[in-house]
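Visitor: Let me begin by handing over the structure; questions about it come next.
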Amino acid sequence: MIPAAATGRRRVIIPLMDIDVRGPRFGAALTTAVLAVVLITGSGALLAVQAALFAVGAVAGVQRSPYGWLFRTLIRPRVGPPPATEESAPPRFAQAVGLAFAAVGVAGYLAGPQWLGMAATGCALAAAFLNAAFAYCLGCEMYLALRRTVG
Numbered sequence: 001m002i003p004a005a006a007t008g009r010r011r012v013i014i015p016l017m018d019i020d021v022r023g024p025r026f027g028a029a030l031t032t033a034v035l036a037v038v039l040i041t042g043s044g045a046l047l048a049v050q051a052a053l054f055a056v057g058a059v060a061g062v063q064r065s066p067y068g069w070l071f072r073t074l075i076r077p078r079v080g081p082p083p084a085t086e087e088s089a090p091p092r093f094a095q096a097v098g099l100a101f102a103a104v105g106v107a108g109y110l111a112g113p114q115w116l117g118m119a120a121t122g123c124a125l126a127a128a129f130l131n132a133a134f135a136y137c138l139g140c141e142m143y144l145a146l147r148r149t150v151g
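Numbering (the UniProt record's numbering), first residue to last: 1 to 151.
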């Protein structure tokens with residue numbers, strides 16, 4: 001690996017931190033609602049907004065996303081300290097997976113075929129619902145499987 005200083009590029013390092021396990025689940029519940037509305041209305045624009053939210057979560061971390069802010073300011077003060085924490089990398093990866101599905105969905109809704117938008121949205125909705133309802137983060141499990149495989 002070539003050091004960032006040798007290439008003249010700046011390297012942004014976002015530190016890994018532990019996050020409240022309830023935060024991503026809260027975000028998944030909101031995401032489930034948004035994606036359900038997208039499926040009902042066929043709104044590619046609303047899916048584009050959700051894609052932007054996924055992008056923030058993937059790049060800056062779920063704790064810095066708008067849903068993370070809502071959890072931190074409105075929910076966490078009312079429910080007390082976290083019962084457990086988790087590493088932030090798996091939920092960030094899950095946000096990137098959600099972004100990929102949302103991007104495909106936006107392309108399907110806006111450029112066609114519409115069934116592609118519906119299918120991609122349905123996949124993202126299923127994953128968000130699994131996390132919201134059962135605390136099973138499919139993207140997080142994918143991340144952990146990749147880590148075990150790659151090393």
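The beta carbon of each residue, even a glycine, is placed where N, CA and C say it ideally should be.
Just so you know, these numbers come straight off a predicted model, no measurement behind them.
For residue 112 and residue 49, I'd like the C-alpha separation in whole angstroms.
Guide: Here the question's residue 112 lines up with position 112 in the sequence shown. Here the question's residue 49 lines up with position 49 in the sequence shown. Going from the Cα of residue 112 to the Cα of residue 49 covers about 18 angstroms.
Visitor: Count the other C-beta atoms from every protein chain shown that fall within 10 angstroms of the C-beta of residue 31, then say buried if there are 16 or more, exposed otherwise.
Guide: Your numbering for residue 31 matches position 31 in the sequence shown. The residue is buried, with at least 16 neighbouring Cβ atoms inside 10 Å.
Visitor: Pull up the DSSP beta-bridge partners for residue 73, would you.
Guide: Position 73 of the sequence shown holds residue 73. DSSP lists no partner for residue 73.
Visitor: How many angstroms separate the CA atom of residue 19 from the CA atom of residue 61?
Guide: Along the sequence shown, one-based indexing puts residue 19 at 19. Along the sequence shown, one-based indexing puts residue 61 at 61. Taking the straight line joining both Cα atoms gives about 10 angstroms.
Visitor: Just the Cα atoms here: how many angstroms apart are residue 128 and residue 66?
Guide: Residue numbering aside, residue 128 sits at position 128 when the sequence shown is read from its first letter. Residue numbering aside, residue 66 sits at position 66 when the sequence shown is read from its first letter. Straight-line Cα distance between these residues: approximately 16 angstroms.
Visitor: Going along the chain, which residues of its own chain have a beta-carbon closer than 7 angstroms to the beta-carbon of residue 58, five neighbours each way excluded?
Guide: Here residue 58 is taken as the residue at index 58 of the sequence shown, counted from 1. Cβ neighbours of residue 58 beyond the five flanking positions: 92, 95, 96, 99.
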